[in-house]
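Residue numbers (the numbering used here): 349 to 461. Notes follow once the structure below has been shown.
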């Protein structure tokens, strides 16, 4: 298992900021999902570093995938209430994991190789 480094932290910070922007979420949303002590990035990184220590990058990526799925479910429930029975999805089953499932698969592939 690769050790937590400042390089990993820097890359993860950039990834998280892009991900939050793409999801239309804030650091406060991520803080609630991670149950971190603060919305500041160092506090968020502390929780993610703990996840990394417990199971490496696969566990960290799985945690972020779970958060994205939680957000997706919440967003679908909210849009369902707003639509009042109207289906905006057109029968399509949206991918609840966005791009994070691809990241998790890459990490798993790297571990095998």
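Built from N, CA and C at the ideal position, the CB exists for glycine as well.
Can you give me the Cβ contacts of residue i inside the same chain, cut-off strictly under 7 angstroms, excluding the 5 residues immediately before and after it?
i: residue 396; result: 360, 408
i: residue 349; result: 404
i: residue 438; result: Low per-residue confidence applies at residue 438: pLDDT is 48, beneath 50, and the placement is therefore not dependable, though the value from the model is reported in the following sentence. No residues qualify anywhere along the chain.
How would you call residue i, buried or exposed, if buried means at least 16 neighbouring beta carbons within 10 angstroms?
i: residue 405; result: buried
i: residue 355; result: exposed
i: residue 367; result: buried
i: residue 425; result: exposed
i: residue 416; result: buried
Check each candidate in the options and name the one with the smallest Cα separation from residue i.
i: residue 383; options: 411, 454, 450; result: 411
i: residue 401; options: 413, 426, 425, 352; result: 352
i: residue 420; options: 447, 398, 394, 458; result: 447
i: residue 451; options: 413, 460, 392; result: 413
i: residue 357; options: 457, 392, 377; result: 392
i: residue 363; options: 376, 389, 381; result: 389
Can you tell me whether DSSP reads residue i as helix, strand or coil?
i: residue 369; result: helix
i: residue 352; result: coil
i: residue 447; result: coil
i: residue 388; result: coil
i: residue 411; result: helix
i: residue 383; result: coil
i: residue 374; result: coil
Beta-carbon within less than 8 angstroms of residue i's beta-carbon, same chain only, minus the 5 sequence neighbours each way: which residues are those?
i: residue 399; result: 407, 408, 411
With a threshold of 7 angstroms (Cβ to nearest heavy atom), would residue i be considered close to the ligand MN?
i: residue 416; result: The ligand MN is absent from the structure shown, which contains no ligand whatsoever.
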